[in-house]
Amino acid sequence: MQIKFALLKSKVAKRIFFLFVIAAVIPTGIFSVLSYNYVTSLLTKQKQEHLVSSSKSYGMAIYERILNAEQQFLKLHESLKFSNDVDISSSTSTRITLDSNMSLFSDIKIYRKPENLDSTDLKHLLDGKSTITAVKNSNNIIEIFFIRMFNTIEANHLLSAKTNLQYISGDMDIFAGADDACIVIKNYGTLNCSSSHLYTISKSIFEKHVNNENTIKTLNINNKNHTTASWELFLNGRFNTNSWIIYYIEPSEIIFAPKKAFTKILLPAFLLAILIVTLISLNQITKFLVPLEKLLVATKRIAKSDFNEKVDITSNDEFQLLGDSFNHMTSELSKREERLFYQANFDDLTGLPNRQQLIKRLQNSITDSIHEKKQFAFLFVDLDRFKVINDSQGHAIGDKLLIAAGDRIKSCIRSTDTLARYGGDEFGVILSTINNSNNASITAAEIIKRLAEIFYIDNYEQIIGASIGISVFPSDGNTWEELLQKADIAMYKAKQKGRGRYLFFTDTMQENIREKAELEADLFHALERQELYLVYQPQIDIASGDISGAETLLRWNHRNKGHIRPDRFISYAEDSGLIVQLGSWAIREAIKQCEKWQIEHQALPKLAVNISARQLRHENFFANIEALVSDFDIGTTILEFEITESLFLSDDKHTMRMLDQLNKLGISIAIDDFGKGYSSLGYLKRLPAQTLKIDKYFIKDLNSDKDSIAIVKAIIAMAKVLNKNVVAEGIETIEQLNILKDLGCKHAQGFYISKPKIASEFLDYSKTAVIQLDKRRSSFKNVS
Ligand code: C2E
Ligand code: CA
Ligand code: CA
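Structural data, given as structure tokens:
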């Protein structure tokens with residue numbers, strides 16, 4: 208029997224054990240007590256009855272001997288009656304000496320009947336019966352005499368003979384056996400005892416306790432308990448004498464010996480029963496608890512997501528069934544866990560490790576690299592132009608493109624490196640061991656080269672590209688957060704620098720980022736601090752030199768840093784989302800100014816306001832504009848919204864609908880920085896835009912670069928066909944203006960005409976604008 212005692216610490220084990228023992232102890236205990244009482248009383252009773260029957264049978268034996276002795280006495284009487292030797296007439300008493308063979312009697316006497324004879328005695332004797340008389344001799348020893356009428360005619364003589372006590376009581380030792388016995392003559396004294404020391408006991412106890420009943424008593428003799436049984440031999444009827452009481456005595460310990468013996472057996476038997484029950488219960492507990500413990504251990508394992516081991520229970524009972532179901536459940540859980548693990552750590556689309564997993568592997572790489580004192584590089588890869596393709600050609604194409612891009616990046620790295628999809632069109636690469644930064648450069652260049660190659664997705668060509676930011680452990684940081692952040696900063700810089708390139712993180716980048724964060728925070732308060740204001744740059748009709756409109760441009764005069772360039776703070780505002788607020792403030796300011804000029808009879812034909820993509824996509828944009836224009840009374844047709852060309856390329860239905868709605872409201876649309884993008888003719892035709900603003904990039908080299916002339920010429924021709932207005936911006940010289948005039952461009956804007964001015968100065972200028980322009984023209988002509 209194998210018992211694990213450690214198991215007994217369990218509460219269940221204690222309970223089962225306790226119940227088992229209770230279940231065993233109570234019935235066994237009750238049974239033991241009952242049987243003890245029953246058996247011991249039975250044994251005691253048997254012993255006592257034996258004592259009683261012994262005293263009785265001894266009494267009967269004595270009686271038989273008395274009868275026998277009486278017979279002999281009768282014979283003696285007969286023999287004396289006819290003997291010639293006896294002459295009773297002469298004397299009152301005659302002693303007769305018998306032959307030796309008559310040893311039963313001694314002291315035989317024939318004597319004259321005493322006058323004072325008791326009447327009952329006399330009657331008994333006259334009836335011809337014998338009496339027995341006990342007489343104490345000079346030594347105080349009781350002697351027994353048979354007496355009867357000596358048969359003469361006068362009937363005045365008695366025959367008496369002392370009876371041999373030895374004969375009557377027999378050999379008491381033999382009779383009583385192991386017991387002690389005494390014969391007590393009721394109300395007279397002790398006749399005989401089986402041993403001499405009993406005489407004193409008999410005298411002091413039995414003679415006083417004598418009663419008629421055959422009883423059992425416990426008496427204290429010599430400070431020891433003794434059990435006595437007595438039996439009364441009635442002699443009154445036949446022999447007209449007191450009863451003889453036969454006492455049997457035995458030490459109580461002998462009477463109780465069987466009881467003691469039984470007790471000796473019972474207690475070990477009881478303990479044995481308890482022991483057996485204990486062992487059985489322990490065995491059962493082991494049988495219950497070993498599988499239970501196995502299940503418990505297994506449950507703890509599962510709680511720690513360890514599904515490797517199975518529960519092994521072969522008890523061929525419900526526990527085994529439970530174990531089997533448990534194993535089944537474990538394997539199901541294990542599968543689910545695997546699925547969950549996959550979902551939590553891998554990207555569904557590409558099957559690559561996801562952001563979570565990338566972070567874990569970065570952490571591992573850090574630990575390994577610290578341990579092995581080596582460096583590793585992290586590459587943050589961001590696809591260029593992916594957003595445009597995904598938005599314009601649908602997500603199905605976008606998904607396939609991402610998978611293919613992932614495959615290409617993988618082909619550039621080693622199996623020991625990690626490629627993960629960080630999110631959207633961003634990938635992360637861990638180059639596990641690098642000797643120097645050159646290793647990372649080579650891989651980054653290779654990735655950029657591979658991603659710049661044409662992709663064929665569903666038989667269509669797709670061109671993307673990638674920008675990569677690189678951080679190196681340990682020089683760029685000790686934590687995954689730092690490495691990620693710095694690679695991200697470097698990637699952002701690479702994009703800013705014109706995409707399709709990789710950059711290592713440098714501290715100046717960090718500095719820029721910090722500065723950006725500071726400016727973003729300051730920009731948040733710029734409105735309330737009244738650091739923002741608008742400037743207006745006129746646009747003229749080239750032919751007449753008249754002002755045809757103005758573009759509003761936002762300015763920020765930072766309280767500590769002075770003027771911040773708009774392209775800089777506006778990109779920050781776009782990143783942080785603050786542009787929505789700033790933009791709407793700018794529109795309101797522009798409209799307010801419009802209204803003011805109208806009231807002052809200085810109305811402009813057109814006022815252009817720049818709108819950023821993020822602003823336009825904001826859900827409340829249109830409602831905002833509607834509310835704004837209804838607050839003022841300017842007539843919406845004066846407003847023109849300038850939106851950059853790249854925004855149209857996304858072909859976003861929402862944007863198109865929005866532009867339509869603006870048109871319906873009376874607001875016209877200008878495509879800003881036109882020519883930089885890739886707008887096709889068919890596409891342009893559909894656009895709800897009325898004006899194209901030729902980007903200053905093409906104006907810059909107009910007088911030296913033939914290509915620029917050709918492009919501007921083509922744009923002007925195209926606009927004519929599509930019936931759109933053209934504004935050339937960035938005019939800095941009279942040559943540029945003249946060329947544009949020759950090419951048929953209607954409107955112009957630029958420093959040559961006027962720098963952007965605050966509202967009050969703009970008015971001053973506009974009054975003299977045409978004159979100034981004419982002056983300049985003539986001066987130019989004079990020089991040429
Ligand atoms: P943009 O819309 O292309 O604005 C024209 C920019 O060209 C202005 O720069 C203007 O000062 C500048 N410019 C005008 N004439 C000449 C010239 O002859 N030569 C040269 N080199 N530049 C000339 P600015 O004011 O620095 O604005 C930069 C950009 O910031 C703007 O480009 C526009 O995209 C954005 N921006 C300015 N104000 C706002 C605004 O209120 N809202 C939004 N969303 N964007 C604005
Ligand atoms: Ca503009
Ligand atoms: Ca522009």
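Its first residue numbered 208, the sequence shown is counted upward by one per residue in our numbering. Heads up, the beta-carbon is just placed ideally off N, CA and C, and yes, glycines get one too. Remember, predicted model here, so these are calculated numbers, not experimental data.
Checklist entry - What are the boundary residues of the beta strand (DSSP E) that includes ALA724? => result Unbroken run through ALA724 is the alpha helix (DSSP H), 714-733; no beta strand (DSSP E).
Item to check | Exposure of HIS404, with buried meaning 16 or more beta-carbon neighbours within 10 Å | outcome: exposed
Item to check | Pocket of ligand 2 (residues with CB nearer than 6 Å to any heavy atom), chain order | outcome: GLU758, ASN817, GLU849, ASP879
Checklist entry - Does ligand 1 have a heavy atom nearer than 8 Å to the CB of ILE938? => result yes
Checklist entry - When the distance is taken between beta carbons, is ARG272 closer than 9 Å to SER376? => result yes
Checklist entry - Using DSSP with H/G/I as helix, E/B as strand and the rest coil, what is CYS952? => result coil
Next on the checklist: Once the 5 residues before and after LEU866 are set aside, which same chain residues still bring their CB inside 6 Å of it?
Outcome noted: ILE876, PRO895
Next on the checklist: I'd like to check one pair, ARG621 with LEU638: are the Cβ atoms closer than 9 Å?
Outcome noted: yes
Checklist entry - Under a three-way DSSP split, which group does ARG708 fall into? => result coil
Next on the checklist: If you follow the alpha helix (DSSP H) that ASP328 is in, where does it begin and where does it stop?
Outcome noted: 326-333
Checklist entry - How big is the Cα-Cα spacing for LYS907 and ALA780? => result 28 Å
Checklist entry - Cβ-heavy atom distance between LYS931 and ligand 3 below 8 Å? => result no
Item to check | Bridge-paired residues (DSSP) for ILE354 | outcome: THR338, SER367
Item to check | Among LEU283, LYS343, ASN244, LEU311, nearest to ILE317 - alpha-carbon criterion | outcome: LEU283
Checklist entry - Using DSSP with H/G/I as helix, E/B as strand and the rest coil, what is GLN746? => result strand
Item to check | Nearest residue (CA-CA) to PHE958, options ALA926, LYS903, GLY951 | outcome: LYS903
Checklist entry - Is the distance from the Cβ of ALA673 to the Cβ of LEU590 below 9 Å? => result yes
Checklist entry - How would you label PRO560, buried or exposed, when you count the other beta carbons within 10 angstroms and need 16 or more for buried? => result buried
Next on the checklist: When you measure from the CB of LYS903 to every non-hydrogen atom of ligand 3, does any distance come out below 8 Å?
Outcome noted: yes
Checklist entry - Three-state secondary structure (DSSP) at ALA757? => result strand
Item to check | Minimum C-alpha distance to PHE881 - residue among LYS871, PHE731, GLN897 | outcome: GLN897
Next on the checklist: On the DSSP letters alone, give me the boundaries of the beta strand (DSSP E) that VAL816 sits inside.
Outcome noted: 814-817
Checklist entry - Between the beta-carbon of CYS400 and the beta-carbon of ILE453, is there less than 9 Å? => result no
Next on the checklist: To the nearest angstrom, how far is the alpha carbon of LEU440 from that of LEU249?
Outcome noted: 28 Å
Checklist entry - With C-beta atoms as the reference, is GLU758 less than 9 Å away from GLN956? => result yes
Checklist entry - CB of LYS907 to nearest heavy atom of ligand 3: below 8 Å? => result no
Next on the checklist: Can you determine whether any heavy atom of ligand 3 sits closer than 8 Å to the C-beta of LYS900, and answer yes or no?
Outcome noted: yes
Next on the checklist: If I follow the unbroken alpha helix (DSSP H) through ALA701, where does it start and stop?
Outcome noted: 687-703
Checklist entry - Is it the case that the Cβ atoms of ILE315 and LEU372 are separated by a distance below 9 Å? => result no
Item to check | VAL497 versus LEU528 - alpha carbon distance | outcome: 15 Å
Next on the checklist: My output table needs one value for ALA584: the three-state DSSP class, helix, strand or coil.
Outcome noted: strand
Checklist entry - Can you check whether the CB of LEU473 is closer than 9 Å to the CB of SER239? => result yes
Checklist entry - Is LYS216 helix, strand or coil by DSSP? => result helix
Checklist entry - Counting Cβ pairs, one atom from each stretch, are 3 or more of them under 8 Å apart for the region 705-722 and the region 735-753? => result no
Item to check | Best match in ASN666, GLY684, GLY630, ALA611 for proximity to ILE654 [C-alpha to C-alpha] | outcome: ALA611
Next on the checklist: Just to confirm my understanding: we take ASN308, look at its own chain, exclude 5 residues before and 5 after, and list those with CB closer than 8 Å. What are they?
Outcome noted: At ASN308 the pLDDT is 49, less than 50, meaning the model places this residue with poor confidence; the figure from the coordinates comes in the next sentence. Nothing listed; no residue qualifies.
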